[in-house]
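Each remark here refers to the structure printed beneath this line.
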Amino acid sequence: MITVMKFGGTSVGSAEAIERVANIIINTEGDKVVVASAMSGITNFLVSAVDTPNMDIDSIVEQFANKHLMAAEQMFDEKTMMEFRKDFDVRLSAFRKALEGDPNDAYYKDLITSQGERFSTLMLSHYLRMLGHDSVALTAETAGIAAVGLPLSGSADLTATANGMTIKVRPLLFQGIIPVITGFYGIKDGVPLTFGRGGSDYSAAVVANALDANMLEIWTDVDGFMTADPRIIKDAIKIDEMTFGEAAELAYFGAKVLHPRTIEPVRIKHIPLKVRNSFRPEEPGTLIHNLRKKGNGLLKSVATKNDLAIITISSAEIAYRPEMVAAIIKKVSEDNIIIYSISTSLSTVAILVSNTDVSNIIRRLNELSSGDIERIDVKNSVSLICCVGDDLLSKCGVTGDIFTAVKEAGVNVEMISEGASEVSLNFVVPMSMVMDVVAVLHAKYIGE
Ligand code: ADP
Ligand code: ASP
Ligand code: MG
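Quick note on my numbering: the sequence shown kicks off at -13 and runs consecutively.
Okay, here's the thing in structure tokens:
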């Protein structure tokens, strides 16, 4: 029985948190493989460091080292501290060298922002050893996590990772050693490539896939996957069980509790996933698996994705010119841009994209032959609301109920996407109104 256990930033954010997490690991039966994020705040610190022109490398290294050493001093005995310092100093020199690298290198930001994971994993692994449990701190390099893709938005190469981990990690399990592996990035052509912010969940799913694990546990700071973002809806409640499809849609459309790509690597191998609270390990969490458990409410959960824009491209009778629609989509996809929704009419194609992608898309569309496009309109600052529920499509009147509630909130719907997924109904509203709509939907239709 192999359990892959992932601990997020807050779960390894202090000496006390690391101690709590170590006990959770020790009390888990069978073989354990741990994946950890950077201590909370560290990745943000590194992102702002690389975004600062003429950064002060000495000061960055010092602040970074202090944060880790302060926690280390609190949790380690003298002997462990000495052993830890040896590994720590090696990694700290490598961090300094990385900072001194070429900031214009396409993968420089990946290299720097992924440094925090190298230190949190080292601390957790040394603490497990101090408690008498054999453990080794591995990086994506030494564990064999392979990545492909563009800077800051990599994907794992599942086959190469499975091959790498079979050689590098599986033998450790036979020897009863607990590997503690860096989340957030993989290795492409010898250098780190990050999986996007929050990517350690995805790393853990990739590790579970590679090792054919029996269970993936995502340990975080809330009791499980909830009916809405608890920061928006104070009375959001924990969901006991969900299907892979439901969790995948919600994560993709903004439920921050899971990185958008976490589900696929475990779903394809039927590995169940649990979301659990490292601050309340007595809570059972949320089980995400293949089986559907019917809820009582119309909706199971609601997620929101902010900072989106609708780009409407107008051209006479575009519906009769499929090659034109194809050319538009091809142009947009040239920059690896994600389209969250598409809708068409006789003479328009509307796409929903991130606000930050708008100027790139317009530039690309202007490359099409003149006369092909009559007009481009942009509506910025909209939000997508993703509603997930049992058999939403087959239940009569669900759409009516949902939009009646939206009308009651006095909000205009800008775009609708229904039918693309069996479990979700998505629509777009002005960003300023998103909280009101979610509050009404949650109050009226959510129930376990
Ligand atoms: P970690 O550092 O453990 O990866 P994150 O901050 O990335 O944790 O994700 C956990 C947070 O996700 C929660 O604290 C909560 O604020 C937020 N969140 C958003 N939507 C949901 C949801 N549907 N269920 C649970 N938490 C959610
Ligand atoms: N440390 C990374 C981040 O803050 C990855 C993660 O926490 O999952 O984005
Ligand atoms: Mg996270």
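Quick reminder that beta carbons are idealized off the backbone N, C-alpha and C, glycines included.
Taking just the CA atoms, how far does residue j sit from residue i?
i: Ser23; j: Ala241; result: 18 Å
i: Thr(-4); j: Ala302; result: 53 Å
i: Thr229; j: Met212; result: 14 Å
i: Leu158; j: Ser407; result: 41 Å
i: Tyr326; j: Phe62; result: 47 Å
i: Gln49; j: Leu32; result: 11 Å
i: Gln101; j: Asp42; result: 17 Å
i: Gly162; j: Lys317; result: 52 Å
i: Ala57; j: Val420; result: 39 Å
i: Thr272; j: Tyr431; result: 20 Å
i: Glu434; j: Gly283; result: Caution applies to Glu434, whose pLDDT of 48 falls short of 50 and renders its modelled position unreliable; the value that the coordinates give is listed next. Between Glu434 and Gly283, the C-alpha separation is close to 6 Å.
i: Ala233; j: Ile274; result: 7 Å
i: Val399; j: His428; result: 17 Å
i: Thr438; j: Ala336; result: The requested residue 438 is not part of the displayed model; the chain covers only -13 to 434.
i: Gly118; j: Glu103; result: 23 Å
i: Ala305; j: Pro416; result: 27 Å
i: Ser329; j: Ser403; result: 8 Å
i: Asp143; j: Ala395; result: 45 Å
i: Ile218; j: Lys65; result: 46 Å
i: Ser340; j: Phe239; result: 12 Å
i: Met25; j: Pro89; result: 24 Å
i: Ser345; j: Pro137; result: 19 Å
i: Arg82; j: Ala295; result: 39 Å
Kindly examine the ligand ASP and report whether one of its heavy atoms sits closer than 8 Å to the Cβ of residue i.
i: Glu103; result: yes
i: Thr125; result: no
i: Ile28; result: yes
i: Ala24; result: yes
i: Phe81; result: no
i: Phe50; result: no
i: Phe436; result: Nothing in the structure corresponds to residue 436, since the chain is present only between -13 and 434.
Does the ligand MG have a heavy atom nearer than 8 Å to the CB of residue i?
i: His245; result: yes
Exposed or buried, residue i, counting other C-beta atoms within 10 Å across all chains shown (16 or more means buried)?
i: Ala312; result: exposed
i: Leu39; result: The amino acid occupying residue 39 in the given sequence is Pro; Leu does not appear at that position. Flag for Pro39 reads exposed.
i: Ala80; result: exposed
i: Cys382; result: exposed
i: Val423; result: buried
i: Ser369; result: buried
i: Asp221; result: exposed
i: Pro246; result: buried
i: Lys286; result: buried
i: Ile348; result: exposed
i: Asp343; result: buried
i: Thr206; result: buried
i: Asp37; result: exposed
i: Tyr410; result: According to the sequence as given, residue 410 is Ser; it is not Tyr. Its Cβ being crowded by 16 or more others within 10 Å, Ser410 is buried.
i: His256; result: exposed
i: Phe160; result: exposed
i: Ile254; result: exposed
i: Glu360; result: exposed
i: Glu86; result: exposed
i: Met68; result: exposed
i: Val166; result: buried
Hey, would you say the C-beta of residue i is under 8 Å away from at least one heavy atom of the ligand ADP?
i: Met316; result: Contrary to the premise, residue 316 reads as Lys rather than Met in this sequence. False, no ligand heavy atom lies under 8 Å from that Cβ.
i: Ala35; result: no
i: Met212; result: yes
i: Arg262; result: no
i: Thr(-4); result: yes
i: Thr248; result: no
i: Pro216; result: yes
i: Leu236; result: yes
i: Ser287; result: yes
i: Val20; result: no
i: Lys291; result: no
i: Asn191; result: Here the sequence assigns Ala to residue 191, which means Asn is not the residue at that position. It does not: the Cβ of Ala191 is nowhere closer than 8 Å to a heavy atom of the ligand ADP.
i: Thr206; result: yes
i: Ala92; result: no
i: Lys53; result: no
i: Lys220; result: no
i: Ala241; result: yes
Is the beta carbon of residue i within less than 8 Å of some heavy atom of the ligand NAD?
i: Ala194; result: No copy of the ligand NAD occurs in the structure displayed; its ligands are the ligand ADP, the ligand ASP and the ligand MG alone.
With 9 Å set as the bound, which would you pick, yes or no: does the beta-carbon of residue i sit closer than that to a beta-carbon of chain C?
i: Ile304; result: The chain labelled as chain C is not found in the depicted structure, where only one protein chain is given.
Only counting runs of 4 or more residues, tell me where the alpha helix (DSSP H) segments fall wholly within the stretch 115 to 200, in order along the chain. 126 to 129, 144 to 154, 156 to 160, 186 to 196
Considering only heavy atoms of the ligand MG and the C-beta of each residue, which residues fall inside 6 Å, strictly closer? Gly(-6), Gly184, Asp187
Continuous beta strand (DSSP E) assignments of at least 3 residues falling wholly in the stretch 266 to 292: 272 to 275
Which residue spans inside the stretch 283 to 366 form an unbroken beta strand (DSSP E) run of at least 3? Within the stretch 283 to 366, the complete beta strand (DSSP E) runs of at least 3 residues are 287 to 300, 327 to 330, 334 to 340.
What alpha helix (DSSP H) runs, 4 residues minimum, are completely inside the stretch 383 to 409? 384 to 394
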